[in-house]
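Novice:
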Amino acid sequence: MACHPGAGYWGVNGELPWIENTIARSLSWPGSYHNASCGWVISNLLVIYEKQARGFPKPRYTHGALHHERRYQLQTKPEEYPGRKADLVYCMKSGDLKIAWAKQYMPVLSSIRRRFDEEMPFAGMTIGMALHVEAKTAVLVETLAAGGAEVYITGCNPLSTQDDVSEALNTREGIHSYARRGAGVEEYYAAIDRVLDAHPAITIDDGMDLIYRVHTQRREVLDSIIGGCEETTTGVHRLRAMAREGVLAFPVIAVNDTPMKHYFDNVHGTGESSLASIMITTNVLIAGRRFVVAGYGFCGRGLAQKARSLGARVIVTEVDPRRALQAHMDGFDVMTMDQAAPLGDIFVTTTGNTGVITERHFPNLKDGAILANAGHFDVEIDVEWLAARADSITHRDGIDTYLLGGKAIHILAEGRLVNLATPKGMGHPIEVMDLSFAVQALSAEFIAEHGRQLAPGVHDVPSAIDEEVARLKLAALDLSIDRLTPEQEAYMSSWTIGT
Ligand code: NAI
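The following block contains the structure:
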């Protein structure tokens, strides 16, 4: 058949031009775009091509093994992408396709990756990660591997892993993924243990499960760790609690707390992606509905604003008087959850706290109320109570309907992160994660260089890193900004100039 190369193809030294020629030849075989059997040739050639471009040794695949690769997706014909090298991505497997899609909208991480490729800041180092294993994370993982790291990764939530992406990561040299969607608690922690078995020098967490495990069950791993990075608010809260008790054994950078992360990621990322996930899972109209947001922090603010822009009538619940007042002056109705329970049509919790919607509220909800959580852990809505008391439970894709006293209560994604854990949840928009993961990559580089000089505890992202990420993003957008004149600099740093 035209698109099966002979065994001889595999013997030609593994030089780059050979790979390029073979890809080009495969694509020019007549009718190859509608022939699924060429998928395995091209997708694997692309993996080999990328690895060789990065200086990795020759592939260890055998011809036979390639035959057993699964799940191909055919892309649009190359001629439908005039002027683009889209032909290089067509016929790839679904995980590779997702990663390639994300990569094209991540210019900041791409430019960092180019520098890492040359400078190899992680040469000889192992990085252990527990993050949501999906396409944007894969681009971060590849960036760290490009910098010379051996990367071991698993999930940070049992329902947020995309198995095809995890599988694709495992085809990359120097990358090992143990994440699986739907892992039970035992498997979840077994995967974390496998990451720790590699004795990472740097940890990258989203929610602090990796660091928790190191400090409780795997203390022998502490010796190898220089430092870590933490992605989310809840993880930083847990780290600060550890630091307060004097039990945090190494320095960790609070990536979440830096403006280039939470101004964009928590506000716009969680806001847009949670709404998108609710809409695609339920297919209900947001406009005109009473939309209750619990917690007016960074995530809650994004959700409330974006729900309002879709026409929802938004109610905010809070425990912090300053944030409640801010919500009021931003034009939202502010009340307690007790008051909001009988009014709301859709509820989203985003407090990072526990027991926000509980047995006190469930009986007062409207028939058909939809409940979702965007906070890190599945403790904000007391789903366990509901499951124990419900007259019946109906499971749909991403929606569990509990019948309680004749009323239906719909819980999305089992009360886990709605933007990631619903079957179609894609997580934050790509451009947002480009910024957050650029901060992660540069913070990891900072730990590699300076971690040994830092005291154990929670550290801010150095502002030079934050500014660098903003500068790279502005450059990618082709936007210019003004510069301070010498007089302005002098004025801003002076205390003697007054009226
Ligand atoms: P934040 O600390 O800025 O805001 C949380 C707000 O909730 C605060 O204003 C607090 O006063 C309020 N709150 C606490 N307990 C409450 C209660 N019982 N009722 C009403 N309000 C209450 O935190 P941020 O950055 O908004 O993060 C919130 C949660 O979302 C965290 O768990 C964080 O890890 C998670 N997160 C989730 C993301 C996602 O992809 N879904 C992305 C980023 C963060």
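Start counting the sequence shown at 984; every next residue gets the next number (the working numbering).
Here a beta-carbon is modelled for each residue, glycine too, at the ideal position from N, C-alpha and C.
All figures in this text were calculated on a predicted structure; none of them were measured in a lab.
In chain order, what residues of the same chain lie with their CB nearer than 6 Å to the CB of Glu1342, ignoring the 5 residues before and after it?
Specialist: One-based indexing of the sequence shown puts residue 1342 at position 359. Trp1368, listed in sequence order.
Novice: Applying the 10 Å Cβ sphere with the 16-neighbour rule, what's the burial state of Gln1145?
Specialist: Position 162 of the sequence shown, counted from the first residue, corresponds to residue 1145. Result: buried.
Novice: Go ahead and label Ala1166 buried or exposed: buried means 16 or more other beta carbons lie within 10 angstroms of its beta carbon, across all protein chains shown.
Specialist: Indexing the sequence shown from 1 puts residue 1166 at position 183. With 16 or more Cβ atoms within 10 Å of its Cβ, Ala1166 is classed as buried.
Novice: Using only the alpha-carbon positions, how far apart do Arg1177 and Ile1194 sit?
Specialist: Against the sequence shown, residue 1177 aligns to sequence position 194. Against the sequence shown, residue 1194 aligns to sequence position 211. Cα-Cα distance, rounded: 14 Å.
Novice: Given Asp1100, which residues of its chain have a CB within under 6 Å of its CB, disregarding the five upstream and five downstream residues?
Specialist: Taking the sequence shown and counting its residues from 1, the one referred to as residue 1100 is at position 117. If you ignore the 5 residues before and after Asp1100, its C-beta comes within less than 6 Å of the C-beta of Ala1129, all in its own chain and listed in chain order.
Novice: Do the CB positions of Ala1324 and Gly1294 come within less than 7 Å of each other?
Specialist: Locating residue 1324 in the sequence shown gives position 341, where the first residue counts as 1. Locating residue 1294 in the sequence shown gives position 311, where the first residue counts as 1. Taking 7 Å as the Cβ cut-off, Ala1324 and Gly1294 do not qualify as a contacting pair.
Novice: Assuming Thr1253 and Ala1184 are in contact, meaning their beta carbons sit under 8 Å apart, how far apart are those beta carbons, in whole angstroms?
Specialist: Here residue 1253 is taken as the residue at index 270 of the sequence shown, counted from 1. Here residue 1184 is taken as the residue at index 201 of the sequence shown, counted from 1. The C-beta distance from Thr1253 to Ala1184 rounds to 31 Å, too long to fall under 8 Å, and the pair is not in contact.
Novice: Can you give, in chain order, each stretch of the beta strand (DSSP E) that sits fully within the region 1144-1197 and has at least 3 residues?
Specialist: As far as the region 1144-1197 is concerned, its whole beta strand (DSSP E) runs of at least 3 residues are 1158-1160 and 1185-1188.
Novice: Three or more C-beta pairs under 8 Å: does that hold for the region 1312-1327 against the region 1295-1303?
Specialist: Yes, the region 1312-1327 is in contact with the region 1295-1303.
Novice: According to DSSP, is Ser1476 part of a helix, a strand, or is it coil?
Specialist: Reading the sequence shown from its first residue, position 493 is the one you call residue 1476. Looking at Ser1476 - three-state DSSP - the assignment turns out to be coil, as it is neither helix nor strand.
Novice: Short of 6 Å in beta carbon distance, which residues of its chain neighbour Arg1201, apart from the five on each side in sequence? Order them along the chain.
Specialist: To locate residue 1201, count along the sequence shown from 1; it is residue 218. Excluding residues within five positions, the ones whose Cβ falls inside 6 Å are Leu1179.
Novice: List the endpoints of the continuous beta strand (DSSP E) containing Met1112.
Specialist: Taking the sequence shown and counting its residues from 1, one reaches residue 1112 at position 129. Counting along the chain, the beta strand (DSSP E) containing Met1112 begins and ends at Thr1109 to Ala1113.
Novice: I need the DSSP call for Val1299, collapsed to helix, strand or coil.
Specialist: To locate residue 1299, count along the sequence shown from 1; it is residue 316. Residue state, collapsed to three classes: strand.
Novice: Tell me, to the nearest whole angstrom, how far the beta carbon of Leu1092 is from that of Phe1330; I am working on the premise that it is less than 8 Å.
Specialist: What you label residue 1092 is simply residue 109 of the sequence shown in a count that begins at 1. What you label residue 1330 is simply residue 347 of the sequence shown in a count that begins at 1. Not quite, the Cβ-Cβ distance comes to about 34 Å (not below 8 Å), so this is no contact.
Novice: Please return the same chain residues whose Cβ sits closer than 6 Å to the Cβ of Asp1443, not counting the five positions on each side in sequence.
Specialist: In the sequence shown, counting from the first residue as 1, residue 1443 sits at position 460. Once the five neighbours on either side are set aside, Asp1443 has no close Cβ partner at all.
Novice: Along the beta strand (DSSP E) that carries Pro1141, what are the first and last residues, could you check?
Specialist: The count along the sequence shown starts at 1 and reaches residue 1141 at position 158. Taken as a continuous stretch (DSSP letters only), Pro1141 belongs to no beta strand (DSSP E), as it is neither H nor E.
Novice: Looking only at DSSP bridge pairs, what is Asp931 linked to?
Specialist: Look at the range of the chain in this structure, 984 to 1482, and you will see that residue 931 is not part of it.
Novice: Measuring straight from C-alpha to C-alpha, what distance separates Ser1143 and Leu1467?
Specialist: As a working note, residue 1143 is residue 160 in the sequence shown. As a working note, residue 1467 is residue 484 in the sequence shown. The alpha-carbon of Ser1143 is positioned some 44 Å away from that of Leu1467.
Novice: Tell me the rounded alpha-carbon separation between Ser1009 and Leu1080.
Specialist: Your numbering for residue 1009 matches position 26 in the sequence shown. Your numbering for residue 1080 matches position 97 in the sequence shown. For Ser1009, the pLDDT reaches just 47, beneath the cut-off of 50, and the residue's location in the model is therefore unreliable, although a value from the coordinates is still provided. Roughly 18 Å between the two C-alpha positions.
Novice: Could you check what DSSP says for Arg1201 in three-state terms: helix, strand or coil?
Specialist: Within the sequence shown, the letter at position 218 stands for residue 1201. Here Arg1201 sits in coil by DSSP.
Novice: Pop quiz: Phe1247 and Val1415 are said to be a contact at Cβ under 8 Å. What is the actual Cβ separation, rounded to whole angstroms?
Specialist: Within the sequence shown, numbered from 1, the residue matching residue 1247 stands at position 264. Within the sequence shown, numbered from 1, the residue matching residue 1415 stands at position 432. Indeed they touch by this definition, with Cβ atoms about 5 Å apart.
Novice: So who's on the other strand from Asp1316, going by DSSP bridges?
Specialist: Your numbering for residue 1316 matches position 333 in the sequence shown. Ile1298.
Novice: Taking 7 Å as the cut-off, decide whether the C-beta atoms of Ile1082 and Val1124 are in contact.
Specialist: Walking along the sequence shown from the start, residue 1082 turns up at place 99. Walking along the sequence shown from the start, residue 1124 turns up at place 141. No, these two residues do not count as a Cβ contact at 7 Å.
Novice: At a cut-off of 6 Å, is Phe1281 close to the ligand NAI when judged by its beta-carbon and the heavy atoms of the ligand?
Specialist: Counted from its first residue, the sequence shown places residue 1281 at position 298. It does: the Cβ of Phe1281 is within 6 Å (strictly closer) of some heavy atom of the ligand NAI.
Novice: To the nearest angstrom, how far is it from the Cα of Gly1138 to the Cα of Val1168?
Specialist: Counting from one through the sequence shown, the residue named residue 1138 turns up at place 155. Counting from one through the sequence shown, the residue named residue 1168 turns up at place 185. Approximately 12 Å between the Cα atoms of the pair.
Novice: To which residues does DSSP link Ala1237 through a beta bridge?
Specialist: Here residue 1237 is taken as the residue at index 254 of the sequence shown, counted from 1. DSSP, once it has assigned bridges, lists Glu1213 as partnering Ala1237.
Novice: For Gly1078, count neighbouring Cβ atoms within 10 angstroms of its own Cβ and tell me buried if that reaches 16, exposed if not.
Specialist: Taking the sequence shown and counting its residues from 1, the one referred to as residue 1078 is at position 95. Buried, because 16 or more other Cβ atoms sit within 10 Å of the Cβ of Gly1078.
Novice: Check the C-beta distance from Ser1149 over to Leu1455 and give it rounded, since I have them as a contact under 8 Å.
Specialist: The count along the sequence shown starts at 1 and reaches residue 1149 at position 166. The count along the sequence shown starts at 1 and reaches residue 1455 at position 472. About 28 Å separates the two Cβ atoms, so there is no contact after all.
Novice: Give me whichever residues DSSP pairs with Ala1106 in a beta bridge.
Specialist: Within the sequence shown, numbered from 1, the residue matching residue 1106 stands at position 123. DSSP lists no partner for Ala1106.
Novice: Measure the CB-CB distance between Asn1356 and Gly1410 and report whether it falls below 7 Å.
Specialist: Position 373 of the sequence shown, counted from the start, is the residue given in the question as residue 1356. Position 427 of the sequence shown, counted from the start, is the residue given in the question as residue 1410. Cβ atoms of Asn1356 and Gly1410: not closer than 7 Å.
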